[in-house]
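To keep things clear, I will list the structure first and then write my remarks on it.
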Amino acid sequence: MAWLNIIVQGALLGGLYALFAAGLSLMFGVMRLVNIAHGDLIVLSAYCALVIVQATGMHPLASLVLVVPLMFAFGYGLQRGLLNFTLSGGILPPLLVTFGLSVIIQNGLLEAFSADSRRLQAGALETASLRLGDQLAIGWLPAIVFIVAVAVIALLEQLLYRTALGRAFRAVSDDADTAQLSGVEIRHVFALATALALAVVSLAGVLLAIRTNFDPSIGPARLLYAFEAVIIGGLGSLWGTLAGGVLLGIAQSLGAALDPGWEILAGHIVFLLVLLLRPRGLFPKQAE
Amino acid sequence: MSLLEIRGLTAAYGDFQALYGIDLKVEEGETVAIIGANGAGKTTLLRAIAGLLRTPPDCIRFDGAPIGSLAPSRIVRRGIALVPEGRRLFPSLTVEENLRMGAQSGRGGPWTLSRLYGLFPALAARRRAAATALSGGEQQMAAIGRALMANPRLLLCDEISLGLAPRVIRDVYAALPGIRAEGTTVLIVEQDTSRALAEADRVYCLQEGRVTLEGAPAALTRERIRLAYFGL
């Protein structure tokens, strides 16, 4: 029963990793842009929520009403004003520019908020749980995070496969030149992809900040978990990303249960094992 | 005023110059064919018209307005749609999704999904199939259909017979009269000279980036075409 508990907690943690990964996966899928600043954008949205909560006294979850549209708009502007210009010269320019962006965000946050660890206070929600048995209880917060992750991925799937915008995303991903010939404004479509990705990022950031402490330096590690979830799940598959996040979460909790020092290591080992045994991930999109 | 008027168009890929001062006119309602050997600049010319190559604005005028420096998505909104060489369907979209992509420009007009399925019944049966699952001829029909969904005034067709069996080429070309009947002007690039002469009201021949011959098919002798084509 204790093991079951560990696995359930790990799986719920995986929901958060899937949220980290969904935005990364969307941007890479649509524009082949690897966003090194992804983790720092998660942290940036956590600070954004912190400022709003401190200024207005609203509940952290309620602050999403402001944080999500703010990050959506920021993402649109970031893509149109900066990242679009990096896309014509191969894979290196976007990597370098987003790496620089990562450094700027980290140091900007450090300057503005210091290196102190912060937390969003969510009151009773932080400790409330549902007892399912002697040794098994599910916290409301992890459960909400997991449900949000599943809902976000289901919505993204619907968007990709049921709407005109999703069709444009897939067409641009296939062949940007031909999509332009069909009348797609690719700069606008790219900006919408980043805007959506950052809306998901902002959800992830706020939920992360309620769940654990954060400071300006934790972004790169979140980026790493996001990468691992995407790769374990298989590139191009959103449900695979969820599975990847869950597997990563379970591996980390099992590792931590064996020895607290093994938490992160266990996640990386599972990631490396997947790379070794199934280099294309667990649920790869069919061969091209 | 011509629907499409090109004056002194030059184009280059880096150091390689592909077009040397092309002059070309297409009148509304005409079908014009461009013939020429491999590497003569035919595809480059169509790519320049569609906006995939940046050119000086005044070099290319459509309906009187300079379009040379517009982005491809703007040009298709003005009413020029390209059926690209090699069809270039979106592999991860279904046939119907590919067709719907053509309507992205938001131009109204005679062509709708149901009209297209009337023109190409083979596509109606396979609308839910992945674009990659179609035969070559069906793929070509889908590529033409996608361009038509933009309801263009000028349809550019790049080598729509490429890699297809003669019987399939006949099926593909059988759609042209129906397209012209809607008043659409058609500019085709075709390596098959006799096919081009049969379809077109006027023919241009390109050789090494220059126009070497222009005229109505009836006015051109085999000998003149051969000379313009090969320069021998």
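Protein sequence lines, in the order shown, are assigned to chains V and Z. Using the working numbering, read the first sequence as starting at 1 and increasing by one per residue. Using the working numbering, read the second sequence as starting at 1 and increasing by one per residue. No residue lacks a Cβ here, since even glycine has one placed at the ideal position from N, Cα and C. Only a predicted model underlies this, so the values are computations on that prediction, with no experimental measurement involved.
- Residues of chain V with a Cβ closer than 8 Å to the Cβ of residue 120/Z do not exist, since the nearest Cβ in that chain sits about 18 Å away.
- Taking a Cβ-Cβ threshold of 7 Å, none of the residues of chain V is close to residue 32/Z; the smallest such distance is about 20 Å.
- Taking the Cβ atoms as the reference, residue 55/Z lies roughly 6 Å from residue 9/Z, within the contact range of under 8 Å.
- The CB of residue 184/V comes closer than 7 Å to the CB of 73 and 104 in chain Z, given here in chain order.
- At a cut-off of 8 Å, the C-beta of residue 127/Z has no neighbouring C-beta in chain V.
- A straight line joining the alpha-carbon of residue 214/V with that of residue 122/Z spans about 59 Å.
- The beta-carbon separation of residue 136/Z and residue 168/Z, rounded to 7 Å, stays under the 8 Å limit for a contact.
- The DSSP-derived three-state label of residue 252/V is helix.
- At a cut-off of 8 Å between beta-carbon atoms, residue 150/Z makes contact with chain V.
- Annotation for residue 214/Z: 204 place their beta carbon closer than 6 Å to its own, counting only its chain and skipping 5 residues before and after.
- Taking 8 Å as the cut-off, the Cβ atoms of residue 229/V and residue 76/V do not count as close.
- Distance from the CA of residue 178/V to the CA of residue 90/V, rounded to the nearest whole angstrom, comes to 18 Å.
- For the options 48/Z, 74/Z and 147/Z, the alpha carbon positioned closest to that of residue 21/Z is the one of 48/Z.
- With distances taken between CA atoms, residue 105/V lies nearest to 36/V out of 14/V, 10/V, 36/V and 224/V.
- Contact with chain V is absent for residue 153/Z, since none of that chain's Cβ atoms lies less than 8 Å from the residue's Cβ.
- Residue 3/V counts as exposed, since fewer than 16 other beta carbons sit within 10 angstroms of its beta carbon.
- Comparing C-alpha distances from residue 93/Z to each of 146/Z, 116/Z, 202/Z and 26/Z shows the shortest one belongs to 146/Z.
- When Cβ-Cβ separations below 8 Å define contact, residue 178/V makes contact with chain Z.
- Taking each of 52/V, 140/V and 236/V in turn and checking the Cα distance to residue 206/V, the smallest one comes out for 52/V.
- Fewer than three pairs of CB atoms, one per stretch, sit closer than 8 Å, so the segment 17–31 of chain Z makes no contact with the segment 215–232 of chain Z.
- Here DSSP, grouped into helix, strand and coil, assigns residue 66/Z to strand.
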